[in-house]
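Here's the structure, in structure tokens; my notes come after.
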Amino acid sequence: MKTALVTYILILVACLLMYSSYSSVTAYVICFVLLWGCLGGWLAIAPTATASYFGMKDNAKNYGLVFTAYGAGAIIGGIVSAQAKDLLGAYQPFFLIVAALAVLGMVVAFMLMKPPVRKAA
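In terms of the working numbering, the sequence shown opens at residue 477 and continues consecutively.
Structure representation (structure tokens):
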């Protein structure tokens with residue numbers, strides 16, 4: 477859970493920085509590094525989290541579903557963001573939306589990301 481919260485905090489910081497300093501190349505590079513670092517973090521967290529929450533019995537199927545959703549989100553997110561930029565003329569408004577989603581992610585992680593307690597045999 478701590479890793480998930482740190483990841484969401486970094487995403488939040490990157491989005492707020494990009495929103496407030498939209499034309500700064502330095503801010504862009506810092507945010508780019510933060511966001512892609514978070515992507516790598518989630519790729520490391522997902523298999524372990526999937527196994528912790530759903531067990532090892534069908535872990536390959538479960539993780540396959542999680543990773544498929546991750547890929548679908550990447551495709552759909554790219555399409556939606558391109559259409560939104562065409563509609564609004566800039567990406568800047570969406571940094572606030574992603575920042576809000578990061579806060580929502582923190583709340584969900586805090587409330588739900590606790591592995592189930594397993595009974596002793």
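Just so you know, even glycine gets a beta-carbon here, dropped at the ideal spot from N, CA and C.
Note that the structure is predicted; figures quoted are calculated from it, not measured.
Alpha carbon of residue i to alpha carbon of residue j, nearest angstrom
i	j	result
Val-542	Ala-522	8 Å
Ile-551	Gln-559	13 Å
Leu-519	Met-494	23 Å
Cys-514	Asp-534	27 Å
Leu-510	Val-501	14 Å
Asp-562	Gly-581	27 Å
Gly-553	Phe-508	17 Å
Ile-506	Val-489	10 Å
Pro-569	Ala-576	11 Å
Thr-483	Thr-524	16 Å
Three-state secondary structure assigned by DSSP to residue i
i	result
Ser-528	helix
Gly-565	coil
Ser-500	coil
Lys-537	helix
Pair within 9 Å by beta-carbon distance, residue i and residue j
i	j	result
Ala-585	Cys-491	no
Val-574	Ile-487	yes
Gly-517	Thr-479	yes
Phe-571	Tyr-498	yes
Thr-526	Tyr-539	yes
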